[in-house]
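Chemist:
Protein chains: 2
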Amino acid sequence: MDHKCVKPRSDTAEKILDVGENLIQTRSFNGFSYQDISDALGIKKASIHYHFASKSDLGAAIMTRYRQRLEAAMAIAEGTSENSCWDLLEFYFTPYFQYADTPDKVCLSGSLAGEFPTLPADMQKMVAGFFHDHQTWLAKVLERGKIHGEFAIQDSTVQMARVLFDALQGALLVKRASGEIKQLHDVVDVFRLILTPTGKHDKA
Amino acid sequence: MDHKCVKPRSDTAEKILDVGENLIQTRSFNGFSYQDISDALGIKKASIHYHFASKSDLGAAIMTRYRQRLEAAMAIAEGTSENSCWDLLEFYFTPYFQYADTPDKVCLSGSLAGEFPTLPADMQKMVAGFFHDHQTWLAKVLERGKIHGEFAIQDSTVQMARVLFDALQGALLVKRASGEIKQLHDVVDVFRLILTPTGKHDKA
DNA sequence: GTCTATACAAAGATAGAC
DNA sequence: GTCTATCTTTGTATAGAC
Chain A
6 MDHKCVKPRS
16 DTAEKILDVG
26 ENLIQTRSFN
36 GFSYQDISDA
46 LGIKKASIHY
56 HFASKSDLGA
66 AIMTRYRQRL
76 EAAMAIAEGT
86 SENSCWDLLE
96 FYFTPYFQYA
106 DTPDKVCLSG
116 SLAGEFPTLP
126 ADMQKMVAGF
136 FHDHQTWLAK
146 VLERGKIHGE
156 FAIQDSTVQM
166 ARVLFDALQG
176 ALLVKRASGE
186 IKQLHDVVDV
196 FRLILTPTGK
206 HDKA
Chain B
6 MDHKCVKPRS
16 DTAEKILDVG
26 ENLIQTRSFN
36 GFSYQDISDA
46 LGIKKASIHY
56 HFASKSDLGA
66 AIMTRYRQRL
76 EAAMAIAEGT
86 SENSCWDLLE
96 FYFTPYFQYA
106 DTPDKVCLSG
116 SLAGEFPTLP
126 ADMQKMVAGF
136 FHDHQTWLAK
146 VLERGKIHGE
156 FAIQDSTVQM
166 ARVLFDALQG
176 ALLVKRASGE
186 IKQLHDVVDV
196 FRLILTPTGK
206 HDKA
């Protein structure tokens, strides 16, 4: 089960990825430099190039790790039989709430979306893949919940998954500008209400 | 009625704003340079500085003009008595559809949202103001439509306006990455459905 | 693996001629 | 208003010592 599909990486490389991920989420890809990482870790810019030859490579590595981490968690949650579809949905919301609790973090892909046409080609593919995978996963959860009678969805679950995903990403971005955490909570609350069949939201 | 609250500007300045607006919508603020404008207009970088001393000034001017243009149109539409609330809503969608019809354009503020923390302070205020104004306008339309019986909204119209706005902004960003125009249409279709009281969508 | 040093290009910005 | 020329800073990236 723990088949370690992730390449082992040096401790420094991992720290660079950590800082880089954070920097993209807070400042976007074009908005940070190797100097920022250098400052954060106390190592020289040249040392970063040893681990990641180009900024493009670094960006791709950050995206890859981010996607693997989230999508592995999604796959595990989905495969855990105790989880109801409501559980899965609430589970999916957690990182959004985590980011919204910070003053300046958004989803990695959400941050990159604004500068999409300026990104290296491989990063563009990864961002598009991220969007696709998350919406597909959400659609699967909604479809299963619809069939089980957990969710009240008259029409396309694929469509609903798209709207939910768009709203979550949009809410994070708008929230960061306004500082109002309600921006995200409203999205979650509205969808909880829309998807609830009887009118009461029962998670257990 | 036509009280011209917009400062008269030279023809070149206006062209610079046009190109700059386009560049931000396609490449974001950190993703374009004075050189890009220089190339597009066939004038030298120094000439641009004559019209807009700093990039910060240019960005602020672009944002100001963009907001005024959209919000003036929204105010006029709102004040036109023939318009139903459905009309107003469909009217609000039009620029989103326009952007979605291009390969690489998103909302100006949506583009800036991804790099928000790196923006000059005055631009940050304008982006936040844009988000606030648009959501307030949408909430007003939804509230009026709710009272008139045009819209089926059980709960907070403010909340619903937020979710709709988030979803529209998110959809444009995701659409640009995937190229799938459906990303935006799904949002519009779902909200048309949700807001329709009888189940049929009657715009007249 | 990390450092110093440096190359190289691009960006924002200014001075001053025309 | 636009130009040429130039300055300054920053950013990505490489070479080579340790």
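From first to last, the protein sequence lines are chains A and B.
For the first sequence, this note's numbering assigns the number 6 to the initial residue and increments by one for each residue that follows.
For the second sequence, this note's numbering assigns the number 6 to the initial residue and increments by one for each residue that follows.
Where a beta carbon is used, it is the ideal one built from N, C-alpha and C, also for glycine.
(1) Classify A:S15 as buried or exposed, calling it buried when 16 or more other Cβ atoms lie within 10 Å of its own Cβ.
(2) Let's see if you can read the secondary structure: which residues bound the alpha helix (DSSP H) around B:G154?
(3) Output yes if chain A places a C-beta closer than 8 Å to the C-beta of B:T31; else output no.
(4) Grab me the residues of A:Y104's own chain with a C-beta within less than 8 Å of its C-beta, minus the 5 sequence neighbours each way, in chain order.
(5) Is it buried or exposed, B:D171, if we count other Cβ atoms within 10 angstroms and call 16 or more buried?
(6) Can you look up B:N27 in the DSSP assignment and give me helix, strand or coil?
(7) For A:P100, return the contacting residues in chain B, with the cut-off set at a CB-CB distance below 7 Å.
(8) Check this for me: beta carbons of B:R181 and B:Q140, under 8 Å apart or not?
(9) Mind checking which residues open and close the alpha helix (DSSP H) that includes A:V2?
(10) Helix, strand or coil: which one does DSSP assign to B:T123?
(11) Find the nearest neighbour of B:L94 within the set B:I21, B:L143, B:Q188, B:E120, judged by alpha-carbon distance.
(12) Apart from the five residues on each side of it in sequence, which residues of its chain come closer than 8 Å, Cβ to Cβ, to B:T17?
(13) What is the residue span of the alpha helix (DSSP H) that A:P100 lies within?
(14) If B:S89 and B:E148 are in contact, beta carbons under 8 Å, what's the gap, nearest whole angstrom?
(15) Taking C-alpha atoms, which residue in A:D62, A:E87, A:S61, A:K20 lies nearest to A:D44?
(16) Whose C-beta lies closer than 6 Å to the C-beta of B:M79 among residues of the same chain, with five residues either side of it excluded?
(17) Any C-beta of chain A within less than 7 Å: which residues of the region 37 to 63 of chain B qualify?
(18) With H, G and I counted as helix, E and B as strand and the rest as coil, what does DSSP make of B:L11?
(19) Report yes or no: is there a C-beta of chain B within less than 8 Å of the C-beta of A:N27?
(20) Can you pull the chain A residues whose beta carbon is under 9 Å from the beta carbon of B:V132, in chain order?
(21) For A:F121, return the contacting residues in chain B, with the cut-off set at a CB-CB distance below 7 Å.
(22) Along the chain, where does the alpha helix (DSSP H) containing A:V192 start, and where does it finish?
(23) Answer yes or no: does any C-beta atom of chain B fall closer than 8 Å to that of A:H137?
(24) Round the Cβ separation of A:S174 and B:G175 to the nearest angstrom and send it over; I've been treating them as touching at under 8 Å.
(25) Strictly under 8 Å for the Cβ-Cβ distance: is B:L178 near chain A by that measure?
(26) Spatial neighbours of A:K208 within its chain, please: CB distance less than 6 Å, with the 5 preceding and 5 following residues excluded, ordered by chain position.
(27) Out of curiosity, what's the CA-to-CA distance linking A:N27 and B:G184?
(28) Roughly how many angstroms lie between the CA atoms of A:V179 and B:A133, to the nearest whole one?
Modeler: Reading from the atomic positions:
(1) exposed
(2) Run containing B:G154: none; DSSP gives neither H nor E here.
(3) yes
(4) Q30, K110, V111, C112, L177
(5) buried
(6) helix
(7) Correct list: empty, because the minimum Cβ distance to chain B is about 16 Å.
(8) no
(9) There is simply no residue 2 of chain A to check, as chain A begins at 6 and stops at 209 in what is shown.
(10) helix
(11) B:L143
(12) L46, I48, S52, H56
(13) 90 to 105
(14) In fact, because the Cβ distance is near 14 Å, the residues do not count as touching under 8 Å.
(15) A:K20
(16) W142
(17) none
(18) Inspection of the sequence shows that residue 11 of chain B is occupied by Val rather than by Leu. Coil.
(19) no
(20) A182
(21) R181, A182
(22) 187 to 200
(23) yes
(24) It should be pointed out that residue 174 of chain A corresponds to Gln in this sequence rather than to Ser. Between B:G175 and A:Q174 the Cβ distance is about 4 Å, and since that is below 8 Å, they are a contact.
(25) yes
(26) Because A:K208 carries a pLDDT of 40, less than 50, the predicted location of this residue cannot be relied on, and the following value inherits that uncertainty. Closer than 6 Å at the Cβ level, and outside the excluded window around A:K208, lie W91.
(27) 27 Å
(28) 8 Å
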